[in-house]
Amino acid sequence: CAPHCQNHESPPTTGLFIPADKRYLHLLLGYVTEICRIVNLSETDHFHLEVASEEAFINIVEHAYPDCTPGNIYIEARMKPTELVLSFRDEGIPFHDSPKDYPLELASDGDIRSPHGLGFQIMRNTVDEVRMENLGKMGKVLHLIKRYPAPVEIEMSQDIHEIPEAPLQQYSIRPMQAHDAPQVCRLFWLVYGYTYKNEDFYRPEGLIDLNESGRIVSYVAVGEDNEVVAHVGLIRPEPVLMAEFGLLAVSPAHRGRGLMGKMEDAIIAKAEEMHLFGLSINAVTSHAKSQKVSVKKAFIPCSLDLAACPPRTFKALVSENIPAQRESYLHGFKYFSTPPPRTVYVPKRHHHFISTIYEKMQQPCSIGGPSPAQSPGDYKIHYDRTLQKGVITVFTADERQWTEIQRVTDDMVHLAGAEVVDLDLPLSQPATALIFDLAEAAGFIFTGIRPCQAPDGDYARLQFLSIPFDLKHIQIYPNNGEFLREYIASYMAA
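In the numbering used here, the protein residues as written are 3 to 496.
Right, here's the structure in full:
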């Protein structure tokens, strides 16, 4: 165990929300009492804060929600080292005046003319500061600030339990079974926290469904006590002759024992057993070391997936220098046998770039001339609200459909809020080169190829970014795809 360090920049904060109803007053006062106990306020200060809190509560109940409109009161306590800030927020009728605008008005006989002003005067007399803040559509908030006579240690010391190293043992590597799913979910939380992009890996029923449908093939490593200690998988959302390698997690208690390499070998062997042409891999570019697996297993870099998901801080790969921009992936591919020759159709300006990619993959490639489509086009669209990303997948290229594709792109960006839209074009079709020209004129960027993902071969990936994006933040493992970044940077600059 190690002592928990203090973090004064982010003081402990608690919250309570209750209906704007006087029957809940004692619930509020109990909350205030416990907060005062935590910060060790004196009995007098506790009494004063309790009186001010009751006045704030009653004021909101009686004035914020007229005509019996139902509403809530949201209370927040921020326990700073030198003061306690108790905030009361409501979403009731706007109130333009501040407590300082309510001085006591005394009649000639000494009576108070404004009971409303009396409540604010009581609050001002019982705490050190009263502030009101208008929040627009979020309503308004009243802050009661009580300062301590001397700084206090707010955060209670607590123990952080480190995961002990597991005893040395033998492991069995096998396909995941349904009863393993809850343990796999716990494993992913242990390794990634809640930062992993696929939410189904935190839901046993979702993980089971992915495997039963064939969209994922999961393998696990199991210890001598039947504990699931590692996971790896194949991702295959479409019935094409390739899959994505990934979903790798190893328990911290079992690291340093060669499990990662054994898991990689097992899942690659499974892919070959499935008679797939090859595997792809997507490695994040905010950490160059995450690309070491693709280098070790001889995956060939063939595209950059720019701005693929919102920025994330992975629990497994913590870095203080991660830029506040969307995460990108370096896409690599590995053939299991000699790749077949390809004839691809791209504009002449990209001939050298695409030939370089195929040469690195040791794949024969010839480039054909563009020609109009001979049959109607076909495509599908997908929008992921969580990732704020749209994908347009063209199955049959038809340059006459560009107006529709452009409209879909605009709708994703301006109506759905997409920060990036991917356009995948089938490289084996002559009309693709014509769509290329139209797409790049509209602001799409050619970022590489996606081998074996199209029903008839490879896809070209073009991307439209609706947000600022800086390629300088992309980290590439040495000799593992720098040419992609350089080429894309030159076109982004243009």
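In this text, a Cβ means the ideal position worked out from N, Cα and C, and glycines have one as well.
* **Rounded straight-line distance, which links the Cα of V252 to that of G258** => G258 and V252: Cα-Cα distance of roughly 10 angstroms.
**Prompt:** Expressed to the nearest angstrom, what Euclidean distance is found between the alpha-carbon atoms of P68 and E406?
**Reply:** For P68 and E406, the distance between alpha carbons rounds to 51 angstroms.
State the Cα-Cα distance for the pair L88 and P151, rounded to the nearest angstrom.
-> If I take the Cα positions, the gap works out to 17 angstroms.
Cutting at 7 angstroms between CB atoms, please list the residues of its own chain near E57, excluding the five before and the five after it.
Once the five neighbours on either side are set aside, the close Cβ partners of E57 are G121, I124 and M125.
Requested in this report: On a CA-only basis, which of E361, E329, L332 and Y173 is nearest P343? Give me that one, please.
Outcome: Checking every option, the nearest Cα to that of P343 belongs to E361.
message = Under DSSP, the beta strand (DSSP E) around R188 begins and ends at which residues?
response = Counting along the chain, R188 falls outside any beta strand (DSSP E), though it belongs to the alpha helix (DSSP H) covering A183 to Y194.
- Query: If you count every other CB in all the chains shown that lies within 10 Å of the CB of F448, and 16 or more means buried, which is it?
  - Reply: With a 10 Å radius around the Cβ and a threshold of 16 neighbouring Cβ atoms, F448 comes out buried.
(message) Below 8 angstroms, how does it come out for the region 210 to 230 and the region 177 to 187: are there three or more Cβ pairs, yes or no?
(response) With the cut-off at 8 angstroms, the region 210 to 230 and the region 177 to 187 touch.
Presumed contact (8 angstroms Cβ cut-off) between S55 and L146, rounded CB distance: That pair is a contact at about 7 angstroms.
**Prompt:** Whose CA, out of Q365, R80, S12 and R238, lies closest to the CA of C38?
**Reply:** Comparing alpha carbon positions, the residue from Q365, R80, S12 and R238 closest to C38 is R80.
### Message
Our contact map puts I75 next to I20 with C-beta atoms below 8 angstroms; I'd like the distance itself, whole angstroms only.
### Response
Going by Cβ atoms, the distance from I75 to I20 rounds to 6 angstroms, so yes, they are a contact pair.
query = Any idea what DSSP makes of Y479, helix, strand or coil?
reply = Coil at Y479, not helix or strand.
Own chain partners of P101 with C-beta closer than 7 angstroms, once the 5 adjacent residues on each side are dropped: For P101, the pLDDT reaches just 49, beneath the cut-off of 50, and the residue's location in the model is therefore unreliable, leaving the point undetermined.
Discussion item. Considering only their Cβ atoms, is the gap separating E484 from A309 smaller than 9 angstroms?
Written reply: If you check the CB distance, A309 and E484 do not come in under 9 angstroms.
For M265, which residues in the same chain have their Cβ closer than 8 angstroms to its Cβ, ignoring the five residues on either side in sequence? Hits under 8 angstroms: I175, Y221, A223, A232, H233, V234, L250 and V252.
Hey, quick one: how far does the alpha helix (DSSP H) through A441 stretch, first residue to last?
-> Going by DSSP, A441 is part of the alpha helix (DSSP H) stretching over A433 to A443.
**Item:** For Q408, three-class secondary structure by DSSP
**Value:** DSSP places Q408 in helix when its eight states are reduced to three.
For this session: Please classify S468: is it buried, with 16 or more other beta-carbons within 10 angstroms of its beta-carbon, or exposed?
Result: Result: buried.
Considering only residues of the same chain and omitting the five flanking positions on each side of Q171, which have a CB-CB separation below 7 angstroms?
Closer than 7 angstroms at Cβ, skipping near neighbours: G225 and E226.
**Three-way DSSP call (helix, strand, coil) for Y493 in this model** = Under the three-state reduction of DSSP, Y493 is assigned to helix.
Fully enclosed by the region 12 to 73, which alpha helix (DSSP H) runs are 4 residues long or longer?
List check, alpha helix (DSSP H) in window: 27 to 40 and 45 to 65.
request  = Using 10 angstroms around the beta-carbon of R463, count the other beta-carbons present and answer buried if the total reaches 16, otherwise exposed.
outcome  = Under this definition R463 is a buried residue.
- Out of V154, D439 and I237, which has the shortest C-alpha to C-alpha gap to E401? Nearest in C-alpha terms to E401, of all of V154, D439 and I237, is D439.
### Residue closest to T287, alpha-carbon to alpha-carbon, out of G445, R188 and G334
Checked all of G445, R188 and G334; the closest Cα to T287 is G334.
ask   = Which value, in whole angstroms, describes the spacing of the CA atoms of K336 and R91?
value = Straight-line spacing of the CA atoms in K336 and R91 works out to 57 angstroms.
Given this structure, state the Cα-to-Cα distance separating A326 from G450, to the nearest angstrom. Distance between the alpha carbons of A326 and G450 is about 24 angstroms.
Measuring only the C-alpha atoms, how far is Y104 from P13? With a pLDDT of only 45 at Y104, under the threshold of 50, the placement of this residue in the model should not be trusted; the figure read from the coordinates follows. When rounded, the distance between both Cα atoms is 32 angstroms.
Using a Cβ distance threshold of 8 angstroms, determine whether the region 385 to 401 contacts the region 411 to 418, with at least three qualifying pairs required. Cβ pair count under 8 angstroms is three or more, so yes.
Query raised in the report: How is the alpha helix (DSSP H) around I359 delimited, first residue to last?
Result: H353 to K362 is the extent of the alpha helix (DSSP H) around I359.
- [ ] Might you give, ordered along the chain, the residues of its own chain that have their beta carbon closer than 8 angstroms to the beta carbon of S110, omitting 5 neighbours on each side?
- [x] Because S110 carries a pLDDT of 49, less than 50, the predicted location of this residue cannot be relied on, and no value is offered for it.
*Consult DSSP for V396 and reduce its assignment to one of helix, strand or coil.*
In the three-state reduction of the DSSP assignment, V396 falls in the strand class, which pools E and B.
Just list the residues that DSSP pairs R80 with in beta bridges. In the DSSP assignment, R80 is bridged to T15 and V87.
Handout entry: As assigned by DSSP and simplified to three states, the class of K350
Key = Reduced to three states, the DSSP call for K350 is helix.
Open item on the list: What would DSSP say about G258, mapped onto helix, strand or coil?
Closed with: In the three-state DSSP reduction, G258 falls in the coil class, being neither helix nor strand.
Q. Is the number of C-beta pairs between the region 295 to 310 and the region 207 to 214 that are closer than 8 angstroms three or more?
A. No contact exists between the region 295 to 310 and the region 207 to 214.
* Asked: Quick one, which of A441, A433, L427 and L429 has its alpha-carbon nearest T411's?
  -> Per the C-alpha coordinates, the member of A441, A433, L427 and L429 positioned closest to T411 is A441.
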